[in-house]
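S.K.: Quick one: the structure is below, and I'll ask about it shortly.
Numbering (the working numbering), first residue to last: 1275 to 1406.
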């Protein structure tokens, strides 16, 4: 049970200026996750927290990225499979855009895999993984 005076979001581990903000963050995060679990891709807002996947590269390990929780900093509509599709950008990987229609159904799996771990770059600078 969350202490109502705690300024930390129990769902994401983020710290806020007030307990009310932390509870609002919990409610928003849990609501988004429930929508995804129900097979929907809910509209996102700046500052929302979602899960993103891990990306490991054989030929450019310097771009390796570990998935987990990530804060939404942008969205745009682009074409995927010939159709307008929502894409999302996160603070932890600001130079990449993620297809939200594909990522939303993965939220439960990513939540189970990453829990409260935050996404982050994890570069592998060994030459043998950056030569191609």
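Where is the CB? At the ideal position from N, CA and C, for every residue including glycine.
(1) Taking the alpha-carbon of residue 1312 as reference, which of 1380, 1395, 1366 has the nearest alpha-carbon?
(2) Is it a yes or a no for the region 1290-1306 touching the region 1344-1356, going by three-plus beta-carbon pairs under 8 Å?
(3) Which residues does DSSP list as the beta-bridge partners of residue 1370?
(4) Going by the beta-carbon positions, is the gap between residue 1359 and residue 1369 smaller than 9 Å?
(5) If you count every other CB in all the chains shown that lies within 10 Å of the CB of residue 1367, and 16 or more means buried, which is it?
(6) Please give the ranges of any alpha helix (DSSP H) in the region 1276-1310, keeping only runs that are unbroken, at least 4 residues long and fully inside the region.
(7) List the endpoints of the continuous beta strand (DSSP E) containing residue 1343.
(8) May I have the straight-line CA-CA distance separating residue 1325 from residue 1363, to the nearest angstrom?
M.R.: For this structure:
(1) Within the chain shown, numbered from 1, the residue matching residue 1312 stands at position 38. Residue 1312 has its Cα closest to that of 1380, out of 1380, 1395, 1366.
(2) As far as the Cβ criterion goes, the region 1290-1306 does not touch the region 1344-1356, which means the pair count is below three.
(3) Along the chain shown, one-based indexing puts residue 1370 at 96. Answer is none; residue 1370 lacks a bridge partner.
(4) Position 85 of the chain shown, counted from the start, is the residue given in the question as residue 1359. Position 95 of the chain shown, counted from the start, is the residue given in the question as residue 1369. Not in contact: residue 1359 and residue 1369 (Cβ atoms no closer than 9 Å).
(5) Counted from its first residue, the chain shown places residue 1367 at position 93. Answer is buried; the Cβ neighbour count reaches 16.
(6) none
(7) Numbered from 1 along the chain shown, position 69 holds the residue referred to as residue 1343. Residue 1343 -> beta strand (DSSP E) spans 1342-1354.
(8) Mapped onto the chain shown, residue 1325 falls at position 51. Mapped onto the chain shown, residue 1363 falls at position 89. In this structure, the CA atom of residue 1325 is about 12 Å from the CA atom of residue 1363.
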